[in-house]
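Numbering-wise (my numbering), the sequence shown opens with residue 17 and increments by one.
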Amino acid sequence: MDTLDCEYRWMSRFICLDKLSALRELKKYARQWFARRKSLWTLIKEASLNEYEDLRQDNDAITKAEECDATSEMVASNLVSAGYYTACIVLWDQHMDSLIEKTRLVEQIIHSSGFITVNETYNAIQAWFGTLPGHNWANIRRPLITSMNLTHMLPISTDWAGPERNEHLKASPLFYAKTSGNTPFRFSNHIGDVGHTMIVGPTGTGKSVLLNFMACQFLKYDHAQIYFF
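See below:
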């Protein structure tokens, strides 16, 4: 998401459940998955003909039911908590065509990670209200996840934008650049009072251009002097 060339607002909301409510919900999920282990026709056949086909059980449903039971044990042991998670991404643009293209790119990234998106239409107002602080009960989604899952899904990292000032020179950064996602980057080569810098790369990749650019930028500081040798 950080590499997208567009602005967006990512809202994550986790409504925690108390232990009893979480265990009750997990028990319901486990019961639903366990009921899917056999098709309706198989159950009717077993009840009417007294024939049991253990080999035709849905192993995926059984595995998910066991996962619900294992999660219930973790919640009961106070290792994790459970709750309802809602994630919304708000996009905006002055032109509808550009907005549609941004939406397509965001959906493509999310789908590639195995998640499903909903492009809100009739529910757009409630979905937008749900992204505002204090609107805790608007647009509540009901997927039950644990606090451990939540730590993997929260956007807790972003591109580093560099220091706001060169503290050694008491001035602005040496120059401004941008990342591959167009995030502004402030470059300052000083760590404390040391400004040593080494630039390494193959021939013809722009090392000399970068050095000359940095030298020209350094001339903006008061009493700056440059020596080439």
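Cβ atoms here follow ideal geometry from the backbone N, Cα and C, with glycine treated the same way.
Straight-line spacing of the CA atoms in L190 and S204 works out to 5 Å. Taken in chain order, the unbroken stretches of alpha helix (DSSP H) that lie wholly in the segment 139-227 and span 4 residues or more are 140-146, 163-169.
Our two residues, I215 and L20, have alpha carbons roughly 28 Å apart in a direct line.
Secondary structure note for M27: its beta strand (DSSP E) is the uninterrupted segment 24-32. By the criterion of at least three beta-carbon pairs nearer than 8 Å, the segment 145-163 is not in contact with the segment 176-187.
With a 10 Å radius around the Cβ and a threshold of 16 neighbouring Cβ atoms, G197 comes out exposed. Around the beta carbon of R29, 16 or more other beta carbons sit within 10 angstroms, so the residue counts as buried.
A Cβ-Cβ distance of about 14 Å is found for the pair C104 and T137, leaving them out of contact under the 8 Å criterion. Your pair Q73 and R53 checks out as a contact, with CB atoms roughly 5 Å apart and the cut at 8 Å. Contact annotation: I172 and Y101 have beta-carbon atoms that are not nearer than 8 Å.
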